[in-house]
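Student:
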Amino acid sequence: MQWQTELPLIAILRGITPGEALAHVGAVIDAGFDAVEIPLNSPEWEKSIPAIVNAFGGKALIGAGTVLQP
603 MQWQTELPLI
613 AILRGITPGE
623 ALAHVGAVID
633 AGFDAVEIPL
643 NSPEWEKSIP
653 AIVNAFGGKA
663 LIGAGTVLQP
């Protein structure tokens, strides 16, 4: 993996709800992160991840974490 910026860190936003997701992801991207993980044990992650990808997919890598089964 090649990092897009010099900040080789992943922001893990555990427990955020769909209503919080865009504001929190926007804040971490503004802080310089270019990789964001939404753990699958977060409330309604299946709504949050597509919304985040639609809003910020061109600015950061967006992924899922805590995947226990394929």
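For the sequence shown, the numbering used here begins at 603 and goes up steadily by one.
We put the beta carbon where it would ideally sit given N, CA and C, even for glycine.
Using only the alpha-carbon positions, how far apart do S644 and Q671 sit?
Tutor: 15 angstroms
Student: Compute the beta-carbon to beta-carbon distance between F635 and A653, rounded to the nearest angstrom, for a pair I have assumed lies under 8 angstroms.
Tutor: Actually they are not in contact, since the Cβ atoms of F635 and A653 sit about 17 angstroms apart, beyond 8 angstroms.
Student: Compute the Euclidean distance between the alpha carbons of L663 and L611, then round it to the nearest angstrom.
Tutor: 11 angstroms
Student: Quick one: is V627 buried, meaning 16 or more other Cβ sit within 10 Å of its Cβ, or exposed?
Tutor: buried
Student: Drop a sphere of 10 angstroms on the beta-carbon of A637, count the other beta-carbons inside from all chains shown, and report buried for 16 or more, exposed for fewer.
Tutor: buried
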